[in-house]
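Quick mapping for you: the protein sequence lines, in order, are chains A and B.
Reading the first sequence from the start, the letters are residues 166 to 279 in the working numbering.
Reading the second sequence from the start, the letters are residues 564 to 676 in the working numbering.
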Amino acid sequence: GQQLNQSPQSMFIQEGEDVSMNCTSSSIFNTWLWYKQDPGEGPVLLIALYKAGELTSNGRLTAQFGITRKDSFLNISASIPSDVGIYFCAGQLRSGGSNYKLTFGKGTLLTVNP
Amino acid sequence: DAGVTQSPTHLIKTRGQQVTLRCSPKSGHDTVSWYQQALGQGPQFIFQYYEEEERQRGNFPDRFSGHQFPNYSSELNVNALLLGDSALYLCASSLDRAGYGYTFGSGTRLTVV
């Protein structure tokens, strides 16, 4: 099945560093979502973006909806050990206000060295 | 407030067998979607149920079927299991037309031997 192109595949950083990851698609989406998944758990929603060009923050996390509607990025500032996990982008094509399927990237594995 | 509940948490089946996985959506949610997540991959959409009907389906064979009950809970059935069906199966619920993303359960880890 289709998956979005998410990069980098993995990152190993020092605590306190900033992190950036991005996601691209050959298809247009009208919603972009960023999720975090911890081992043995389901993905948890971090940020949702609904408009091209939109920039949204959630604490130390900032995400942007690309102007072409085919890409998005997520930044994490001043990383801490609990940021460790797998980050997924997901695109959604919502129609008529209804929530339809999510198309996910393969994920970015983030490791933070204390 | 209970989130999305899935059962069982782990399951081991033999090739050719059939399996049923269950999902109770978050309180107030009316839409249930199922995803398959293979090791090292992102979740892949299987299908979505709304008003007890399959509304949208991903690229999965007919061996994968589902059901939604009047209380919005859902089942995923997989027949004639293959080794390649081994994966984490995630259920996600949402309130249709709410304008925000899904809430995921912790998943059922299915191993086919």
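Cβ atoms here follow ideal geometry from the backbone N, Cα and C, with glycine treated the same way.
Residue i, enclosing beta strand (DSSP E) - first and last residue
| i | result |
| --- | --- |
| A:Gln167 | Unbroken run through A:Gln167: none, as it is neither H nor E. |
| A:Gly270 | Segment: none, A:Gly270 is in no beta strand (DSSP E) and carries neither H nor E. |
| A:Ile212 | 209 to 214 |
beta-carbon residue i near the ligand GTP non-hydrogen atom, thresh 8 Å
| i | result |
| --- | --- |
| A:Lys266 | Annotation note on the ligand GTP: not contained in the displayed structure, which lists no ligands. |
Close-in-space but distant-in-sequence residues of the same chain around residue i (CB under 6 Å, 5 per side omitted)
| i | result |
| --- | --- |
| A:Ala213 | Leu198 |
| B:Leu584 | Leu639, Tyr652, Thr671 |
| A:Gly218 | Ile232 |
Test: residue i CB closer than 9 Å to a CB of chain E
| i | result |
| --- | --- |
| A:Leu169 | The question asks about chain E, but that chain is absent: this structure's protein chains are A and B. |
Cβ-based burial, residue i [other Cβ within 10 Å; buried from 16]
| i | result |
| --- | --- |
| A:Lys216 | exposed |
| B:Leu632 | The residue asked about is misnamed: residue 632 of chain B is Phe in this sequence, not Leu. B:Phe632 is exposed by the Cβ-count criterion. |
| A:Arg234 | buried |
| B:Ser570 | exposed |
| B:Ala650 | buried |
| A:Thr268 | buried |
| B:Leu602 | exposed |
Min CB distance residue i to chain B below 9 Å
| i | result |
| --- | --- |
| A:Lys216 | no |
| A:Glu206 | yes |
| A:Ala255 | yes |
Any chain A beta carbon closer than 9 Å to residue i
| i | result |
| --- | --- |
| B:Gly603 | yes |
| B:Ser590 | no |
| B:Leu653 | yes |
| B:Pro606 | yes |
Close Cβ partners of residue i (< 7 Å) along its chain, the five nearest in sequence each way excluded
| i | result |
| --- | --- |
| B:Arg626 | Val641, Asn642, Ala643 |
| A:Ser185 | Phe238, Asn240 |
| A:Glu180 | Ser244, Ile245, Pro246, Val277, Asn278, Pro279 |
| B:Leu645 | Arg578, Val675 |
Close-in-space but distant-in-sequence residues of the same chain around residue i (CB under 8 Å, 5 per side omitted)
| i | result |
| --- | --- |
| B:Glu617 | Phe610, Gln611, Gly629 |
| A:Gly270 | Gln168, Leu169, Asn170, Gln171, Cys188, Phe253, Cys254, Ala255 |
| A:Lys201 | Pro208, Val209, Leu211, Gly250, Ile251, Tyr252, Phe253 |
* Asked: Can we say the segment 649 to 656 of chain B touches the segment 588 to 601 of chain B, given the rule of at least three CB pairs closer than 8 Å?
  -> yes
* To do: Give a yes or no on contact between the segment 269 to 277 of chain A and the segment 572 to 583 of chain B, applying the rule of three or more CB pairs nearer than 8 Å.
  => no
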